[in-house]
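Notes follow the structure.
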Amino acid sequence: MSVSQIFIDAVQHLIAPRNILIISIGVTLGIVFGSIPGFTGSNTVAIFLPFTLPLEPDIAIVFLSCLYVGANYGGAIPAVLINTPGTAGATATVMDAYPLSKDGEPSKALGISILASVFGGLISAVIIFLLLRPLGNFALEFTNREIFVLGIFGLATVAVALGEDTRKGLVAGFFGLFISTWPTDPTTAQPRMDFGINALLSQVPFIPVVIGVFAICELFFLMSKAQISEEADINTTYGGIIDGFRYVISKPLKLLRSTGIGLVIGSMPGAGASVGGFVSWATAKSMSSDPDSFGEGNPDGVVASESANNAVTSGALIPTLALGIPGSGTTAVMLAGLLLHGIRPGPTLMQDFQFEANVIVVSLFFANIIMLIVAFAISKYIVRVVTLPTEYLVPCILVLTAIGAFVIRNLAFDIRFMLLFGFVGLVMKVNEYAIIPLILGVILGPIIEGAFLRSMLISGGDYMYFFESTIAIVLWILIVLVLLARPTASIVVPRVKNIL
Amino acid sequence: MTTTATSTAQEDSSQEENETDGVEFPRWLSAVVRLLLPVILMILSLNYINVTWGRIQWSNLRYPYFIIAVMNLCSIWIIGDELYSIYQRDKSRATDEAVQEFIAKWRTSIFFAIISIIYVFLVPVTGFFSASVFAMASIMYTSGVRSLPIGGIVIFGLLGFIWATFVQFIGVNPPSGLIDSVVFELI
Numbered sequence: 024m025s026v027s028q029i030f031i032d033a034v035q036h037l038i039a040p041r042n043i044l045i046i047s048i049g050v051t052l053g054i055v056f057g058s059i060p061g062f063t064g065s066n067t068v069a070i071f072l073p074f075t076l077p078l079e080p081d082i083a084i085v086f087l088s089c090l091y092v093g094a095n096y097g098g099a100i101p102a103v104l105i106n107t108p109g110t111a112g113a114t115a116t117v118m119d120a121y122p123l124s125k126d127g128e129p130s131k132a133l134g135i136s137i138l139a140s141v142f143g144g145l146i147s148a149v150i151i152f153l154l155l156r157p158l159g160n161f162a163l164e165f166t167n168r169e170i171f172v173l174g175i176f177g178l179a180t181v182a183v184a185l186g187e188d189t190r191k192g193l194v195a196g197f198f199g200l201f202i203s204t205w206p207t208d209p210t211t212a213q214p215r216m217d218f219g220i221n222a223l224l225s226q227v228p229f230i231p232v233v234i235g236v237f238a239i240c241e242l243f244f245l246m247s248k249a250q251i252s253e254e255a256d257i258n259t260t261y262g263g264i265i266d267g268f269r270y271v272i273s274k275p276l277k278l279l280r281s282t283g284i285g286l287v288i289g290s291m292p293g294a295g296a297s298v299g300g301f302v303s304w305a306t307a308k309s310m311s312s313d314p315d316s317f318g319e320g321n322p323d324g325v326v327a328s329e330s331a332n333n334a335v336t337s338g339a340l341i342p343t344l345a346l347g348i349p350g351s352g353t354t355a356v357m358l359a360g361l362l363l364h365g366i367r368p369g370p371t372l373m374q375d376f377q378f379e380a381n382v383i384v385v386s387l388f389f390a391n392i393i394m395l396i397v398a399f400a401i402s403k404y405i406v407r408v409v410t411l412p413t414e415y416l417v418p419c420i421l422v423l424t425a426i427g428a429f430v431i432r433n434l435a436f437d438i439r440f441m442l443l444f445g446f447v448g449l450v451m452k453v454n455e456y457a458i459i460p461l462i463l464g465v466i467l468g469p470i471i472e473g474a475f476l477r478s479m480l481i482s483g484g485d486y487m488y489f490f491e492s493t494i495a496i497v498l499w500i501l502i503v504l505v506l507l508a509r510p511t512a513s514i515v516v517p518r519v520k521n522i523l
Numbered sequence: 003m004t005t006t007a008t009s010t011a012q013e014d015s016s017q018e019e020n021e022t023d024g025v026e027f028p029r030w031l032s033a034v035v036r037l038l039l040p041v042i043l044m045i046l047s048l049n050y051i052n053v054t055w056g057r058i059q060w061s062n063l064r065y066p067y068f069i070i071a072v073m074n075l076c077s078i079w080i081i082g083d084e085l086y087s088i089y090q091r092d093k094s095r096a097t098d099e100a101v102q103e104f105i106a107k108w109r110t111s112i113f114f115a116i117i118s119i120i121y122v123f124l125v126p127v128t129g130f131f132s133a134s135v136f137a138m139a140s141i142m143y144t145s146g147v148r149s150l151p152i153g154g155i156v157i158f159g160l161l162g163f164i165w166a167t168f169v170q171f172i173g174v175n176p177p178s179g180l181i182d183s184v185v186f187e188l189i
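If you read the sequences in order, they're chains A and B. Residue numbers for the first sequence follow the working numbering, so the first one is 24 and each next one is one higher. Residue numbers for the second sequence follow the working numbering, so the first one is 3 and each next one is one higher.
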């Protein structure tokens, strides 16, 4: 089937009024939740995971992708209006958007952030769509042996990239893998460590784990914070927003450059939107004829940051869909969404669920176009959401997450399990353990264990089997390099600095 | 244009920040907090070996034991480092003072944690909806909400939304318990 035919099929599937409505709801909810400081894309997707249960698998994932895209943009709104990034991805946006807003141009700053995000998302969606098929073909080379090594590589990469301390990242990732070994043995069905709880006998409920460590954990911190803004009287106009649009349209090359940076960084496992935004902003500054104006309200800074961080959103889907390794925290939660709907992540995804994968990528086009309309329409009123009091928000989220955890298996135990992992997330966060490797371990655990057991059966118990293919050897080398990267850098960088 | 804002989201965005910053614990309490996770993991690992060793064939234990080995090696390394850094600290605060400061700073979060624990155990006993009314009202009260009408609208608005979405649309039956079943019978 040709690329254009795949595209047309996916568009025909998505163009149904019901699907457009679902995409619109996803984008709108994403923008609203993303604009609440403290709520990240990961939290938002985790909270809404159970709401996708009645949807078909592909539309459910499309809904989650739209939430992700919307939340990623939503973070820019408080960055522009109240000097507070709604999500980590918008951290670089603050540096120029807020000074611009303070200079009396909040509408223009909003307009720039909206259109730069939309362009970043659209361009990167085109590139991903073209890349997904070749990547899927490459993934056909992966057998059980490679899947096992790839799983370890993914965990190692995410553990190193996301934590200050590699050991803590590895502990988090292997803790996740450990949790996934608690239910019955996959080949003999003998019970392992279920603590005598029937609910843990067949599987560890991963959705309550995801909701617990992302959403519940965040509520503890939200509770101790006062209202984000006590007074916010910001007037934005549609005319000003259109001025911002005009500015973005006049900078096509800068848009392309920032989108490219965001896409490359997004496709690296573990590198998030904040990294993409900052690298793009720093690149724009270094290449500008007036670098001193960056950080003082230069609109190019907003263009660079926003187009890159939205391109990261799409870029992060590349390793997620092609290899089953999440490119960001939110895509890690989306992996849980895939599993919830019976779509097994990993290198076989493009073989087994090619149509669904294409629909997800094509939905990014729709999501970005709808985001343009929704963000434009609600931007005048969104400041009220930004200043939503946490004392009303937190109890609502608690109850929503409780019903969300319950609804998957209709077990009250899952609500307790969710809260338990809320506390686990709290302990991890306080002690500076990255949470995403834990989630990745829980989600990929059964896949990695199954691949390991099948490999051992094939090889007759010979461990050397894991080193007998080119892909596996390359992955082992990459694992070693990834694990050594930080200690090596800590030794080499100071010496180089001394020499210089 | 007038805006006042605190840069809270920047704090939220980083997973790697220490959330107890600003409250310095005495050495023993620091040790408890920082060693909690690795020690629990080691205990869980020992329990896993205890319940699986000799009961499951060795070929099927290689994978979980490999996971346990890597996790515990890193945990022991972390414990060593944490103990060393705690030992290196030259001053130690009085426990009462540190705990009081911690409670003052995290009071609403502590209340939230306690209410959440009560809530999850209350759900199967009284029913999801009545337990939720209790939890939401308690959390709002402890965080300073005194407006009964707004609080009521938020609580019953959300529970109405959940009832419409989950019970009517998706067809889920949340735990009914003692109170919910009586209320639903009356309705």
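Cβ coordinates follow ideal geometry from the N, Cα and C atoms, glycine included.
At a cut-off of 8 Å between beta-carbon atoms, N433(A) makes contact with chain B.
Interface annotation, M44(B): not in contact with chain A, CB-CB separation never under 8 Å.
When the alpha-carbon of S77(B) is set against those of M451(A), M216(A), N167(A) and V149(A), the nearest one is in M451(A).
Chain order gives the chain A residues near R57(B) as Q213, where near means a beta carbon separation below 7 Å. Interface flag for A425(A) against chain B is set, since a Cβ pair is found closer than 8 Å. In this structure, F142(A) sits near S330(A), with a CB-CB distance shorter than 8 Å.
Under the three-state reduction of DSSP output, G53(A) falls in the helix class.
Within the same chain, and ignoring the five residues on either side of F440(A) in sequence, the residues whose Cβ sits closer than 8 Å to its Cβ are A222, P228, P231, V232, G235 and A428. With a cutoff of 8 Å on beta-carbon distance, I239(A) and L442(A) are scored as near each other.
Taking a C-beta distance under 8 Å as the contact criterion, P129(A) and L104(A) qualify as a contact pair. Not flagged as an interface residue toward chain A: I120(B), since no C-beta distance is shorter than 8 Å. With a threshold of 8 Å between beta carbons, S134(B) makes contact with chain A. Look at M291(A) here: in three-state DSSP terms it is coil, with no helix or strand label. In the structure shown, the three-state DSSP call for G174(A) is helix. In this structure, G283(A) sits away from V335(A), with a CB-CB distance that is not shorter than 8 Å.
R439(A) has a beta carbon lying within less than 8 Å of a beta carbon in chain B.
Here the region 391-402 of chain A lies against the region 45-58 of chain A, with 3 or more beta-carbon pairs under 8 Å apart. Look at W108(B): its C-beta is under 8 Å from a C-beta on chain A. Not flagged as an interface residue toward chain B: K403(A), since no C-beta distance is shorter than 8 Å.
Check the Cα spacing between S225(A) and each of F244(A), L242(A), E241(A) and T204(A): the tightest is with T204(A). Across the structure, W165(B) and R156(A) are spaced so that their CA atoms are roughly 43 Å apart.
Taken residue by residue, none of the region 154-168 of chain A has a beta-carbon sitting less than 8 Å from a beta-carbon on chain B. Of the other Cβ atoms in all chains shown, fewer than 16 fall within 10 Å of the Cβ of M310(A); this residue is therefore exposed. For K403(A), the secondary structure class from DSSP, reduced to helix, strand or coil, is coil. Assignment of alpha helix (DSSP H) within the region 190-270 of chain A, counting only whole runs of 4 or more residues, yields 229-234 and 240-246 in chain order.
Contact between the region 52-62 of chain B and the region 164-182 of chain A is absent, with fewer than three C-beta pairs closer than 8 Å.
Within chain A, R215 and M216 have C-beta atoms less than 8 Å from the C-beta of T54(B), given in sequence order.
Between P469(A) and G196(A), the C-beta spacing is not below 8 Å.
Interface criterion met: the Cβ of P418(A) is under 8 Å from a Cβ in chain B.
Interface annotation, I88(B): not in contact with chain A, CB-CB separation never under 8 Å.
When I481(A), I500(A) and S337(A) are compared, the shortest CA-CA separation from G93(A) is found for S337(A). Under the 10 Å beta carbon count, E379(A) is surrounded by 16 or more other beta carbons and is classified as buried. In this structure, L185(A) lies near G192(A), with their beta-carbon atoms less than 8 Å apart.
Spatial neighbours of L31(B) in its own chain (CB-CB distance under 7 Å, excluding positions within 5 residues in sequence) are listed in chain order as T97 and A100.
Taking a beta-carbon distance threshold of 8 Å, S247(A) counts as an interface residue toward chain B.
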